[in-house]
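A.B. asks:
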Amino acid sequence: MNSYELGWRYTGDNLRTQLAAYYSLSDKNVQANKDLTISIIDDKRRIYGVEGAVDYFIPDTDWSTGGNFNVLKTESKVDGSWQKYDVKVASPSKATAYIGWAPDPWSLRVQSTTSFKIRDEAGNQLDGYTTIDLLGSYQLPVGKLSFSVENLFDRDYTTVWGQRAPLYYSPASGPASLYDYKGRGRTFGVELLGVVLSTKFRSLDVW
């Protein structure tokens, strides 16, 4: 495999950014077969994209905002031309955005995480989805109390693997519904750091 990357980074008083472009090329791949065996195959494949991140701390306030992203394409060479790669293997583009508020001793952050739709040459598709999380902490005299609400709005979605698995195993190893792995519903977490106590609890997942 040959890989190339070119990047740039900036760190200022209130702004931090970084950006990178990358390209990789390979000629072999591991193929998973429907009978659960694997094969090493000739497969000229390239992956290229751009990834970056930015954080901005608003002057004279306790607020900050930012995000990161990775936009990529995976292609294979077929009969001399590049085509969209099989979604069973190709990764979707992703992005995260957040807004934070951190008046000492509190720290609160709301963030969104998005997995984008991807489609291959055969017409197979992985649907995109977005989830929202609330993350927070409180600095104690000894230790820190952290808490979270993941999937804040109880979004109903199927994970990337839950969408890929039927393409691997159905119908040979059961109906597609057997592999429809849903993402977790609204999930609560609490953790106390610095002392001998750690507890987490989760709401009932509702699909």
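Going by the numbering used here, the letters in the sequence shown line up with residues 35 to 241, in that order. Even for Gly, the Cβ is constructed at its ideal location relative to N, Cα and C. Fair warning: this is a prediction, and the values are worked out from it, not measured in the lab.
1. On a Cα-Cα basis, can you pick out the residue from TRP195, TYR163, VAL176 and TYR213 that is closest to ARG189?
2. Which runs of the beta strand (DSSP E) fall wholly inside the region 42-78 and span at least 3 residues, in chain order?
3. DSSP three-state call for ARG218: helix, strand or coil?
4. Report the three-state DSSP secondary structure of MET35 (helix, strand or coil).
5. Should the region 161-179 be called in touch with the region 93-107, which here means at least 3 C-beta pairs below 8 angstroms?
6. Given LEU84, which residues of its chain have a CB within under 6 angstroms of its CB, disregarding the five upstream and five downstream residues?
7. Quick check: what's the CA-CA separation for TYR38 versus SER146?
8. Note down the Cα distance separating GLY223 from ASN185, rounded to an integer number of angstroms.
9. Tell me the rounded alpha-carbon separation between VAL121 and ASP154.
10. Do you know how far the Cα of THR71 is from the Cα of THR148?
11. Less than 6 angstroms between C-beta atoms, sequence neighbours within five positions excluded: which residues of the same chain meet that for ILE133?
C.D. replies: Inspection of the coordinates gives the following:
1. TYR163
2. 49-66
3. For ARG218, the secondary structure class from DSSP, reduced to helix, strand or coil, is coil.
4. Three-state result, MET35: coil.
5. They do not touch, by the three-pair rule.
6. A quick correction: the sequence has Val, not Leu, at residue 84. These residues qualify, in order along the chain: ALA55 and VAL105.
7. In a straight line, the C-alpha of TYR38 is about 30 angstroms away from that of SER146.
8. 12 angstroms
9. Going by the C-alpha atoms only, they are around 6 angstroms apart.
10. Inter-residue distance for THR148 and THR71 is about 32 angstroms (C-alpha atoms, whole angstroms).
11. THR99 and VAL144
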